[in-house]
Amino acid sequence: MKISVDGGGLCASEDQRFGNYTFSRNFLQALNKYDKENEYFVYTFCNLNEGTEHCFVPTLFNKRIKFEKLLPKKFWMKGRVTLEEILNRKDIFFALNQALPLYTSAKIISFSHGLSFYFHPEYYPNDYHRLKNQLNEMLKRSQYIIVSSQKVKNEIASLSLAMTEKIKIMPFGIPFDMEDYVPHRREKYFMYVGMNTPVKNIDFLKQAFNKFNIKAEYKLYMIDSNIKRDELRKMYAKATGYLTASHYESFNFPVLEALSQKCPVIALKSAIIPEMEGYVDVVGDADLRPVHYKNEFVKKMIAIANGKHKKIDRIKLLKDFSWKNCINKLQNLYYYE
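According to numbering that gives the first Met the number 0, the sequence shown is numbered sequentially starting from 0.
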C-alpha cells in the first residue's frame with residue numbers, strides 16, 4: 000500500500016519539541032523498524048536534516064519511507080498537501096496532527112492527541128476555534144481515529160456516539176532513545192520536562208516544591224527541549240523523582256520517559272492516563288478535595304525522598320508501552336477491518 004503521512008510535527012521549533020514532535024518522530028521510527036511491506040510518503044515543509052543535534056535525519060530510514068518537502072508553507076495542509084493528494088493518489092492518509100487536507104481519495108486514519116482545548120478553552124484563546132473545527136472535521140471524515148488511552152476514547156465518544164466503534168486505542172511506545180537503562184545513584188533533585196504553558200500548571204509544582212524544600216536540601220529542574228537526549232536520560236536516572244500537575248494530558252511522554260529510567264513519578268490525576276496509574280504515585284482521588292491536593296502532593300514528595308514509592312516494573316512497562324504492538328495493531332486496520 001501507498002500511505003501518505005502528515006509529517007508537519009517534525010518541523011516544530013526547538014523550544015516546541017515535545018508532544019506531537021516526540022510522537023511523530025518515534026512513530027516514523029517505528030514504521031521504519033516494524034513495517035516491512037508498505038510504502039510511506041512523509042509530507043513536511045522544512046529541512047529536516049539541518050540544525051542542532053536534535054535534527055531528524057531522513058537518510059537513516061529505508062527506501063520505503065520517503066520524505067517530501069512541500070512548499071509553500073502558507074495554506075500548507077488545505078492547499079499544498081491537498082494538491083499532492085490529487086496529483087499522486089494514495090491508499091491511506093495518516094493525519095498525525097489532527098489536521099486534514101481539503102480532499103484526499105485515501106482512507107483517512109486520524110490520530111487524536113486529546114481534547115485539552117475542549118475542556119480548558121481558557122488556556123487556548125487564540126487556537127480554540129481552529130482546534131474545534133479540526134476536531135469536527137476529524138470526526139466527520141475519518142474512517143478510524145487512533146487514541147493513546149481509554150480516557151481519550153471515552154471523551155471523544157461522549158461527543159459522537161456514532162464514532163465509538165471507529166475509535167481504536169493504541170498506547171504509544173517508549174521513545175526509542177529511552178529504551179536502554181543504566182542505573183545511577185539518585186541525587187537530591189526533582190524534575191519536570193515540558194513547556195511552560197498554563198495547562199501544564201507549573202505554578203502548582205513550584206509551590207509544592209517550595210513547601211517540601213523548607214531546608215533547601217533539594218533542587219527542582221524545569222527542563223525544556225534544549226537538552227541532549229543522552230543527558231536527559233541520565234537526569235531521569237539520577238533524579239529523586241519526576242513531577243507533573245497538568246490540568247489535562249492525553250498521554251504524557253515525559254512521564255513514560257521517566258518511568259523507563261526507573262525514576263519515581265508523582266502526578267495529579269488529571270496529568271496521568273489510566274494506563275500509567277499503576278506505575279505512578281497519583282494525587283487526586285475522588286475522596287480528596289482539590290484544596291488538599293498540594294498538601295498530599297508534598298506528602299508524596301517526602302515519601303519518595305525517603306525511598307517510599309511505587310515499584311517500577313520496567314519489563315512490564317516495556318510490554319505495556321510498545322511501538323511494535325502499536326504498529327501491529329495499526330496494520331490490522333489496513334488489512335482486516
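Note that CB positions come from ideal geometry on N, CA and C, so glycine has one too.
Can you give me the C-alpha to C-alpha distance between residue i and residue j, rounded to a whole angstrom?
i: residue 155; j: residue 215; result: 44 Å
i: residue 324; j: residue 313; result: 17 Å
i: residue 267; j: residue 201; result: 12 Å
i: residue 102; j: residue 141; result: 12 Å
i: residue 232; j: residue 253; result: 10 Å
i: residue 33; j: residue 289; result: 44 Å
i: residue 26; j: residue 322; result: 8 Å
i: residue 104; j: residue 83; result: 11 Å
i: residue 100; j: residue 112; result: 18 Å
i: residue 184; j: residue 242; result: 19 Å
i: residue 297; j: residue 271; result: 18 Å
i: residue 129; j: residue 213; result: 44 Å
i: residue 0; j: residue 329; result: 13 Å
i: residue 182; j: residue 262; result: 10 Å
i: residue 51; j: residue 60; result: With a pLDDT of only 44 at residue 51, under 50, the local geometry of the prediction cannot be trusted, and the value read off the model is given with reservation. Rounded to whole angstroms, residue 51 to residue 60 spans 19 Å at the Cα level.
i: residue 127; j: residue 120; result: 6 Å
i: residue 169; j: residue 145; result: 7 Å
i: residue 251; j: residue 189; result: 17 Å
Using a threshold of 8 Å, state whether the C-beta atoms of residue i and residue j are closer than that.
i: residue 301; j: residue 280; result: no
i: residue 66; j: residue 47; result: yes
i: residue 260; j: residue 244; result: no
i: residue 41; j: residue 80; result: no
i: residue 91; j: residue 108; result: yes
i: residue 191; j: residue 221; result: yes
i: residue 173; j: residue 255; result: yes
i: residue 162; j: residue 138; result: yes
Start and end of the beta strand (DSSP E) containing residue i?
i: residue 43; result: 38-43
i: residue 266; result: 264-267
i: residue 108; result: 106-110
i: residue 218; result: 218-222
i: residue 86; result: Looking at the DSSP string, residue 86 is not in any beta strand (DSSP E); the run it does join, the alpha helix (DSSP H), is 81-86.
i: residue 9; result: Counting along the chain, residue 9 falls outside any beta strand (DSSP E), and DSSP gives it neither H nor E.
Among the candidates the options, whose CA atom is the shortest distance from the CA of residue i?
i: residue 275; options: 310, 223, 292 and 117; result: 310
i: residue 94; options: 121, 19, 72 and 59; result: 19
i: residue 187; options: 239, 144 and 195; result: 239
i: residue 10; options: 249, 43, 38 and 329; result: 43
i: residue 197; options: 132, 211 and 115; result: 115
i: residue 223; options: 0, 15, 296 and 112; result: 15
i: residue 2; options: 13, 31, 12 and 21; result: 31
i: residue 23; options: 175, 272 and 294; result: 175
i: residue 229; options: 63, 257, 250 and 203; result: 257
i: residue 133; options: 17, 167, 76 and 153; result: 76
i: residue 117; options: 131, 125, 161 and 106; result: 131
i: residue 136; options: 37, 97, 304 and 320; result: 97
i: residue 199; options: 160, 249 and 164; result: 249
List the endpoints of the continuous alpha helix (DSSP H) containing residue i.
i: residue 235; result: 228-237
i: residue 295; result: 292-304
i: residue 18; result: 18-33
i: residue 126; result: Segment: none, residue 126 is in no alpha helix (DSSP H) and carries neither H nor E.
i: residue 311; result: Segment: none, residue 311 is in no alpha helix (DSSP H) and carries neither H nor E.
i: residue 210; result: 201-211
i: residue 102; result: That residue, residue 102, is in no alpha helix (DSSP H); it is neither H nor E in DSSP.
Residue ranges of each beta strand (DSSP E) run of no fewer than 3 residues wholly in the segment 143-172, ordered along the chain? Positions of the beta strand (DSSP E) runs, each at least 3 residues long and wholly inside the segment 143-172, are given as 143-146 and 166-168 in order along the chain.
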